[in-house]
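So the structure is just underneath, and the comments pick up after that.
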Amino acid sequence: MTVGLVHYLVVAAALFSLGLFTVLTRRNAVAILMGVELILNAANVNFAAFSRFTAQNVGGQVMALFGIVLAAAEACVALAIVLAVFRTFRSVDVNDTDKLRG
Amino acid sequence: MSIADILFYCLALLTVGSAAWVAFSRNIVHSAFALLGTFFGVAGLYVFLSADFLAVVQALVYVGGILVLILFAVMLTGRIGDVQVTNRSAGLVPGLLLLVMMVALLAGLAVNTPWPVSVPGPASPTTAAMGDALLSEYVLPFEVISVLLIAALIGAVTLVRKEEDR
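First to last, the sequence lines map onto chains A and B.
Heads up, the first sequence is in this note's numbering, so the first residue is 228 and it goes up one at a time.
Heads up, the second sequence is in this note's numbering, so the first residue is 143 and it goes up one at a time.
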């Protein structure tokens with residue numbers, strides 16, 4: 228069986244699910260960010276795969292490029308927040324950051 | 143099965159295997175380094191999709207930028223006294239259940255949906271076509287995303303700045 232669209236979609240599905248698992252089960256804020264990166268990568272693979280196998284133009288690849296830029300912006304803001312949280316709480320465990328809880 | 147197919151399966155295994163290591167490793171430094179395998183595997187998948195520019199950007203931005211940022215964050219936020227920088231997981235069983243169900247759902251959807259697939263032509267470089275598309279059809283999203291990027295960078299600097307001069 229030659230490699231087609233479905234193969235890429237299944238790989239992206241596995242990446243997305245592992246990312247979701249990471250986001251849901253980790254307590255370390257940096258590890259949660261790693262899960263978000265996995266999810267964004269899965270979305271980008273889907274964009275590129277559909278661009279090659281169904282649309283046959285570069286629109287999907289341009290969108291994947293925008294996705295990479297968004298991931299970079301997200302990573303730098305989120306890690307800045309993580310560092311600020313670490314300075315305040317001396318911890319990056321998301322269960323410890325409960326100062327605003329009513 | 144051709145050589146290209148075998149290579150694809152190796153890359154897919156590298157990608158998903160490293161992602162599983164990210165998800166299941168107890169040590170956050172191991173997770174961060176396993177992310178390297180995932181990012182390079184996805185770059186290889188882009189090469190197979192004839193997205194050469196995306197593959198290079200993936201290697202440059204993810205491996206050279208985001209991964210280094212994440213490693214910085216891991217090193218800066220770990221307490222030096224802790225030998226084992228733990229990365230404790232919570233709710234492993236519901237998480238695993240959701241993982242299995244999610245993979246089954248998405249993979250089943252991917253297999254069973256009748257996608258309007260057309261046979262792609264031979265792989266060819268798309269960098270020039272992407273450059274054309276970015277400056278004609280997608281010029282507005284291109285400008286918007288550059289504004290977003292500068293805003294995000296300024297925001298990040300503002301967030302980590304020490305507020306002594308007030």
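The beta-carbon is built from N, C-alpha and C at its ideal position, and this holds for glycine as well.
DSSP beta-bridge partners for residue i?
i	result
A/Asp317	For clarity, residue 317 of chain A is Arg in the given sequence; the question names Asp instead. DSSP, once it has assigned bridges, lists no residue as partnering A/Arg317.
A/Asn255	A/Asp320
Using 8 Å for Cβ pairs, my map puts residue i next to residue j. What's the rounded Cβ distance?
i	j	result
A/Val238	B/Ala154	5 Å
A/Ala338	A/Val309	As displayed, chain A neither begins before 228 nor continues past 329, which places residue 338 of chain A out of reach and without an answer.
A/Ala275	B/Val158	Between B/Val158 and A/Ala275 the Cβ distance is about 17 Å, and since that is not below 8 Å, they are no contact.
B/Val216	B/Ala246	Going by Cβ atoms, the distance from B/Val216 to B/Ala246 rounds to 32 Å, so no, they are not a contact pair.
B/Leu178	B/Leu149	Incorrect: roughly 19 Å between the Cβ atoms, too far for contact.
A/Leu260	B/Ile212	7 Å
B/Pro283	A/Phe293	6 Å
A/Gly233	B/Asp147	Contrary to the premise, residue 233 of chain A reads as Val rather than Gly in this sequence. Contact flag wrong, Cβ pair sits at about 13 Å.
B/Val164	B/Ala176	5 Å
A/Leu247	B/Ala161	That belief does not hold up - the Cβ atoms of A/Leu247 and B/Ala161 are roughly 11 Å apart, past 8 Å.
A/Leu236	B/Ala252	3 Å
Would you decide whether residue i is buried or exposed? Buried here means 16 or more other CB atoms lie within 10 Å of its CB.
i	result
B/Ala293	exposed
A/Phe313	buried
B/Gly186	buried
B/Gly263	exposed
B/Ile145	exposed
B/Arg303	exposed
B/Asn254	exposed
B/Gly223	Confidence is the limiting factor: at B/Gly223 the pLDDT is only 47, short of 50, which leaves the residue's position unreliable, though a coordinate-based value still follows. So B/Gly223 counts as exposed.
B/Thr219	buried
B/Ala298	buried
A/Leu327	exposed
B/Val235	exposed
B/Val225	The predicted position of B/Val225 is uncertain, since its pLDDT is 44 and thus under 50; no value can be drawn from it.
A/Arg317	exposed
A/Asn273	buried
B/Arg168	exposed
A/Asn271	buried
B/Ile296	exposed
A/Asn322	exposed
Measure from the alpha carbon of residue i to the alpha carbon of each residue in the options, then state which is nearest.
i	options	result
A/Gly287	B/Ala161, B/Ala275 and B/Gly250	B/Ala275
B/Ala271	B/Phe195, B/Pro256 and B/Glu285	B/Phe195
B/Ser125	A/Leu267, A/Val304 and A/Ser278	Past the boundaries of the shown model lies residue 125 of chain B; chain B is included only from 143 to 308, so the question cannot be answered.
A/Val263	B/Asn169, B/Leu156, B/Met143 and B/Tyr204	B/Tyr204
B/Leu290	A/Asn322, A/Ser244, A/Ala298 and A/Val233	A/Ala298
A/Gln283	B/Leu191, B/Val199, B/Leu301 and B/Val198	B/Leu191
B/Phe181	B/Val242, B/Leu202, B/Gly233 and B/Leu277	B/Leu202
B/Cys152	B/Gly183, B/Ala162 and B/Ser167	B/Gly183
B/Gly237	B/Met143, B/Phe166, B/Leu156 and B/Ala161	B/Phe166
B/Thr300	A/Asp320, A/Asp323, A/Val321 and A/Ala307	A/Ala307
A/Asn218	A/Ile295, A/Val285 and A/Arg254	This structure cannot settle anything about residue 218 of chain A, because the visible part of chain A is limited to 228 through 329.
B/Ser278	A/Val289, A/Ala270 and A/Tyr235	A/Val289
B/Val171	B/Gly206, B/Phe214 and B/Gln200	B/Phe214
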